[in-house]
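First residue of the sequence shown? That's 16 in our numbering, and the numbers climb one at a time after it. Worksheet: one structure, shown below.
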Amino acid sequence: MNKLSTLLQKIKENPVMYIDKPSITCLKSFVGGYLGQLSDLGLTPEGYPMEGFQEWIQERAKTNLSISWAEILISSCGSDTNAFYSFFELFDQFIKQKNASKIQESENNLRLRQDLMFPKFDIYNEIPSNIKKRPGMYLGRNSITRLDMLLRGYSLARREVGVPPTEPEREFEGFQSWVEEKYGINSGQSWAKIILFYSVDEHEALQKFFELFEEYLNRNKSL
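Shown next as structure tokens:
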């Protein structure tokens with residue numbers, strides 16, 4: 016639990032460094048990528064760090080609607096930004112309640128799966144296939160920003176446990192400079208922000224990303 020708590024505290028203090036801005040939707044996607052990759056790597060906390068948080072938020076808000084905890088917070092707080100800051104106080108309350116009821120939530124007790132240390136699943140391999148076909152399953156909704164945050168969290172989790180980059184992950188690292196060259200931009204903005212700037216909305220930007228990424232992969236193969 017300590018690693019997640021430390022990471023959340025760092026994001027709270029400097030959200031721009033991790034998720035570009037104080038946004039509960041960006042935070043949710045980032046944390047989803049981070050925790051999901053730890054789980055896929057076989058590094059499973061004894062008690063999933065956010066297990067029960069969705070139900071806890073629903074009970075607190077007295078709602079049975081099938082919407083995420085992030086959307087519930089936005090509804091109750093009035094904005095994406097307000098929900099971001101409210102999350103940290105609520106999550107702290109949630110953890111204290113879990114500890115009080117003897118439910119241990121510690122990432123220090125990560126254990127290694129005996130049968131498989133490093134799984135074959137690689138999210139960068141999923142981009143041109145499964146994520147493109149079923150973005151809602153991975154992102155919740157069609158959003159290039161959510162994809163960006165998911166990949167950032169995924170990569171951070173791998174770096175923290177010392178997993179070397181895969182070939183698809185290393186190949187993706189060149190996508191940033193390729194997008195900058197494609198649009199003639201060198202502003203320091205992420206590839207997602209650049210594509211979003213030249214799109215109508217998040218949905219169109221995500222579709223444009225898949226087109227550009229396919230072009231980028233084909234160009235690499237030809238080289």
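C-beta: ideal position from N, C-alpha, C; glycine also.
Margin query: Tell me the DSSP secondary structure of L88 in three-state form.
Written below: helix
Checklist line | Residues of its chain near L221, where Cβ-Cβ distance is below 7 angstroms and the 5 sequence neighbours each way are ignored | finding: P150, N157, S158, I159 and L162
Note to self: Based on DSSP bridge pairs, tell me the residues matched to L53.
What the structure shows: DSSP lists no partner for L53.
Checklist line | Simplified DSSP assignment, three categories, for V31 | finding: helix
Item checked: Segment contact flag, the region 168-178 with the region 61-81, C-beta cutoff 8 angstroms, min 3 pairs -> no
Next item on the list: Give every residue of the same chain whose Cβ lies closer than 6 angstroms to the Cβ of Q73, excluding the five residues on either side of it in the sequence, and list them in chain order.
Entry: none
Notebook entry, point to check: For the putative contact between L42 and F106, defined by C-beta atoms under 8 angstroms, what is the C-beta separation to the nearest angstrom?
Noted result: Not really, about 10 angstroms apart at Cβ, beyond 8 angstroms.
Item checked: Residue of T40, K113 and Q52 minimising C-alpha distance to S3 -> Lying outside 16 to 238, the shown extent of the chain, residue 3 is not represented and no answer is given.
Next item on the list: Determine the DSSP secondary structure at L125, reduced to helix, strand or coil.
Entry: Summary for L125: the model assigns pLDDT 41, below 50, so the residue's position carries little reliability, and this model does not support an answer.
Checklist line | Straight-line gap, E195 to L53 (C-alpha atoms, nearest Å) | finding: 31 angstroms
Check: Is it true that the region 184-194 meets the region 215-232, where meeting means three or more beta-carbon pairs spaced less than 8 angstroms apart?
Finding: Yes: the two stretches touch, three or more of their Cβ pairs being nearer than 8 angstroms.
Margin query: Tell me the rounded alpha-carbon separation between L125 and F109.
Written below: Note that L125 scores 41 on pLDDT, short of 50, meaning its location in the model is unreliable and no value can be drawn from it.
Notebook entry, point to check: Excluding five sequence neighbours on each side, which residues of the same chain lie with their C-beta closer than 6 angstroms to the C-beta of S170?
Noted result: Beyond the five residues adjoining it in sequence on each side, S170 comes within less than 6 angstroms, by CB distance, of no other residue in the same chain.
Next item on the list: Please report the Cβ distance between L166 and I210, rounded to the nearest whole angstrom; I am assuming they are in contact, meaning their Cβ atoms lie under 8 angstroms.
Entry: Actually they do not touch by this definition, with Cβ atoms about 14 angstroms apart.
Notebook entry, point to check: Straight-line CA distance for G168 to G48?
Noted result: Taking the straight line joining both Cα atoms gives about 5 angstroms.
Next item on the list: Measure the Cβ-Cβ separation of K223 and S237 and say whether it is below 7 angstroms.
Entry: no
Notebook entry, point to check: Would you say P183 and N145 are within 7 angstroms of each other, going by their C-beta atoms?
Noted result: no
Margin query: Extract the residue ranges of the alpha helix (DSSP H) inside the region 155-202, only unbroken runs of 4 or more that lie entirely within it.
Written below: Those alpha helix (DSSP H) runs which fall completely within the region 155-202 and span 4+ residues are 159-175, 182-188 and 190-198.
Notebook entry, point to check: DSSP state of L80, grouped into three classes?
Noted result: coil
Next item on the list: Ignore the nearest five residues each way along the sequence and tell me which others in G155's own chain have a CB closer than 7 angstroms to its CB.
Entry: S83 and R161
Notebook entry, point to check: From which residue to which residue does the alpha helix (DSSP H) around D95 run?
Noted result: D95 to A115
Check: In chain order, what residues of the same chain lie with their CB nearer than 6 angstroms to the CB of L23, ignoring the 5 residues before and after it?
Finding: none
Next item on the list: For Q247, collect the residues of the same chain with a Cβ closer than 8 angstroms to its Cβ; drop the 5 residues on either side in sequence, then sort them by chain order.
Entry: Here the chain comprises residues numbered 16 to 238, so residue 247 is not present and cannot be evaluated.
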